[in-house]
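Residue -7 is where the sequence shown starts when you use our numbering, and the numbers rise one by one after that.
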Amino acid sequence: MATQLEVYKCNACGNIVEVLHGGAGELVCCGQPMELLQAGSVDAAKEKHVPAIEKTSSGFKVKVGSVAHPMEEKHYIEWIELIADGKAYREFLQPGQAPEAEFCVQASQVTAREYCNVHGLWKADS
């Protein structure tokens, strides 16, 4: 049973989906069940993956890691998502860009998630 805002990945082709409306069925891709990604929140690796959320005058800035995450062709942050009072906002990134995103929204409760193409899904709550 899929729940709203869960993230799933196909281990055969690499498709990643986020659930917009939960249902009782199983998510399947390439003839096999998709893997529910569990977001990490503690990073012991040299590269830092946990998003850092900063409140700004216009909204929120999310940076990936206390040390900037690599943004190379083979290892980079694909996207950063802010869930603000239950609404989802996403910024897609490319190699060479800074591993950060700014969201011009006001909210009392926020969660940031990011996806590293090598190390998977990570999150932080504010």
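Ideal Cβ placement from N, Cα and C applies to all residues, glycine included. None of these values were measured; they are calculated from a predicted model.
Where does residue i sit, in a helix, a strand or coil, going by DSSP?
i       : result
Gly23   : coil
Pro43   : strand
Val(-1) : strand
Asp35   : coil
Leu85   : coil
Gly15   : strand
When DSSP builds the beta bridges, which residues end up paired with residue i?
i       : result
Cys108  : Ile69 and Gly112
Glu92   : Lys55
Val97   : Answer is none; Val97 lacks a bridge partner.
Ala(-6) : Gly15
Thr103  : Ile75 and Asp117
Leu28   : Tyr0
Taking just the CA atoms, how far does residue j sit from residue i?
i       : j       : result
Gly15   : Pro87   : 35 angstroms
Ala116  : Leu12   : 21 angstroms
Ser118  : Thr(-5) : 22 angstroms
Ser100  : Gln24   : 39 angstroms
Thr48   : Asn7    : 33 angstroms
Ile45   : Asn109  : 21 angstroms
Glu106  : Leu113  : 6 angstroms
Met26   : Arg82   : 22 angstroms
Leu85   : His67   : 12 angstroms
Phe95   : Lys40   : 21 angstroms
Met(-7) : Ile75   : 21 angstroms
Using 10 angstroms around the beta-carbon of residue i, count the other beta-carbons present and answer buried if the total reaches 16, otherwise exposed.
i      : result
Glu70  : exposed
Ala93  : buried
Gly17  : exposed
Val102 : buried
Glu65  : exposed
Ala104 : buried
Gly78  : exposed
Pick out the complete beta strand (DSSP E) segments inside the stretch 57 to 81, 3 residues or longer, and give them in chain order.
-> 69 to 76
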